[in-house]
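Take a look at the structure below.
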Amino acid sequence: MLNATAVAHPNIALVKYWGKADAQLALPATGSVSMGLDVFPTTTTVTVDGGSGDGQEARDRFTLNGHVVDDGALVRVQQFLDLVRELAGSSERASVVSENTVPTGAGLASSASGFAALATAAAAAYGLDLSPRDLSRLARRGSGSATRSIPGGVAVWHAGDDQGSFAEPIPAPPMAMVVVTIDAGPKPIGSREAMRRTIATSPFYPAWVTSTTETVGDMLTACAAGDFTRIGEITESNALRMHATIEGAFPPIRYLNARSVAVFDAVAELRAGGTEAYATADAGPNVVVLTKPEDRSAVAGALASLGDVIESGTGPAARVLRSEEIGSNPD
Ligand code: DP6
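Heads up, the sequence shown is in the UniProt record's numbering, so the first residue is 1 and it goes up one at a time.
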């Protein structure tokens, strides 16, 4: 049987993905741009071993951080592996063992590194030889943000149809991030459900789609020009626009709390003092601060009283660590 282990890192969007044009194919309503982190890796091993049970009843097995998972997360993994099996022409179930160092469900992109690692390991274990583009398209079907964790680095995820919606690296100036964790617990409403509610009820959603489409173009221009200041300004503005759009949903959804806002204020103060730092936040209260590599320690020090701070550089692409045939049957 085949066994493959892969590692992937989370990414933080500089221009956010919020809303799908097609939920079935996981096509985003707009493009997005991200920076991959070099902290919080997810390491996942997929073994094509028949899973648990027999024949028709066989199921995939999923273990996360040493605990057997038997809820909605298992269903998402099984549905994802069904796509891989379809591509590989296999019906054999698998066992998935994942070690995730991201605080799961806290809005720190655990699904991005999770599905990027799963896509990379599963493709190798089922014997698929996918190009980086096709691997990124596959990861997209697990979780939108995972698309961008395949290339790592600074990446753009294109909106488009199934063939055209993938992520690829783009040139950008040196950048770093400081993750300020305010609350590592699970968020009250997951991003998938919150996206649906935003689309259905927020009067600001159409404006989010038109403005973000323009913002992606502006961000690509700023990255190509190596204009860190412009990248930072766009990053903070786009994050606040996303949160305003989400807050416009009914019933309202508010991810940022008073402590998150305090970090945004502290970052504005850093800027007033001459340090280039820009805040962003995903679907949770935690704030991530974009800064220059030479300023990251000073920024982390300045924010340390507001939450748990972790510094990160620009992270690598998802990759296979090991792939082997194990326990092969002598007959
Ligand atoms: C706020 O990728 O978790 O982090 O595609 O439904 O799995 P699904 O959503 P997910 O949403 C991420 C939203 C975000 C912004 C971003 O990463 O671009």
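Using N, Cα and C, we set each Cβ at its ideal position, and we do this for glycine too.
Practice prompt. Could you check how far apart the C-beta atoms of Ala-249 and Thr-280 are, in whole angstroms? I think they sit under 8 Å.
Written response: Ala-249 to Thr-280, Cβ: 20 Å. No contact.
Discussion item. In whole angstroms, give me the CA-to-CA distance for Leu-64 and Pro-206.
Written reply: 37 Å
Practice prompt. Return yes when at least one heavy atom of the ligand DP6 lies under 7 Å from the C-beta of Gly-53, else no.
Written response: no
Fill in: CA-to-CA distance, Ala-304 to Gly-51, given in whole angstroms
45 Å
Fill in: Whether Ala-146 touches Ala-155 by CB criterion (8 Å)
no
Worksheet entry | Expected contact under 8 Å - CB spacing of Thr-44 and Ser-91 to nearest Å | Not confirmed; about 21 Å, so no contact.
Worksheet item: Using a Cβ-Cβ cut-off of 7 Å (strictly less than) and excluding sequence neighbours within five positions of Ala-194, which residues of its own chain qualify?
Response: Contacts found: Ile-246, Ile-253 and Ala-283.
Discussion item. Do Ala-58 and Arg-322 have their beta-carbon atoms positioned less than 8 Å apart in this structure?
Written reply: no
Item to complete: Spell out the partners DSSP gives Asp-308 in its beta bridges.
Response: Thr-181
Worksheet item: How long is the line joining the alpha carbons of Asp-331 and Glu-325, rounded to whole angstroms?
Response: Low local confidence applies: a pLDDT of 42 at Asp-331 is under 50, so the model's placement there is unreliable, and no value is given.
Worksheet item: alpha helix (DSSP H) containing Asn-238: first to last residue?
Response: 228 to 247
Worksheet item: Taking C-beta to C-beta, are Trp-208 and Ser-32 nearer than 8 Å?
Response: no
Fill in: Member of Leu-118, Glu-214 and Leu-128 whose CA lies at the smallest distance from the CA of Arg-61
Leu-118
Worksheet item: According to the Cβ coordinates, are Ile-182 and Ser-260 closer than 8 Å?
Response: Annotated as proximal: Ile-182 and Ser-260, with beta-carbon spacing under 8 Å.
Worksheet item: Just checking my contact of Ser-136 with Ala-167 at CB under 8 Å: how many whole Å lie between their CB atoms?
Response: Ser-136 to Ala-167, Cβ: 5 Å. Contact.
Worksheet item: Terminal residues of the continuous beta strand (DSSP E) containing Phe-115?
Response: Not the beta strand (DSSP E): Phe-115 falls in the alpha helix (DSSP H), residues 110 to 125.
Fill in: Burial state of Ser-297 (16 or more Cβ within 10 Å)
exposed
Worksheet item: Who does Met-219 pair with in a DSSP beta bridge?
Response: Partner(s): none; Met-219 has no beta bridge.
Discussion item. Just to confirm the assignment: which complete beta strand (DSSP E) runs, minimum length 3, are found wholly within the stretch 4 to 89?
Written reply: 11 to 15, 20 to 22, 32 to 36, 42 to 47 and 61 to 64
Practice prompt. Flag Arg-85 as yes when its Cβ comes closer than 7 Å to any non-hydrogen atom of the ligand DP6, and as no otherwise.
Written response: Every heavy atom of the ligand DP6 is 7 Å or more from the Cβ of Arg-85, so no.
Worksheet item: Secondary structure at Pro-330, three-state DSSP: helix, strand or coil?
Response: Caution applies to Pro-330, whose pLDDT of 44 falls short of 50 and renders its modelled position unreliable; the value that the coordinates give is listed next. DSSP places Pro-330 in coil when its eight states are reduced to three.
Discussion item. According to DSSP, is Thr-280 part of a helix, a strand, or is it coil?
Written reply: strand
Discussion item. Considering only heavy atoms of the ligand DP6, does any lie closer than 7 Å to the CB of Lys-16?
Written reply: yes
Discussion item. With three or more beta-carbon pairs closer than 8 Å as the criterion, would you say the stretch 67 to 77 touches the stretch 123 to 130?
Written reply: no
Item to complete: Classify Leu-14 as buried or exposed, calling it buried when 16 or more other Cβ atoms lie within 10 Å of its own Cβ.
Response: buried
Worksheet entry | Simplified DSSP state of Ser-95, which is helix, strand or coil | Per DSSP, reduced to three states, the secondary structure at Ser-95 is strand.
Worksheet entry | C-alpha gap between Pro-285 and Ser-110, whole angstroms | 14 Å
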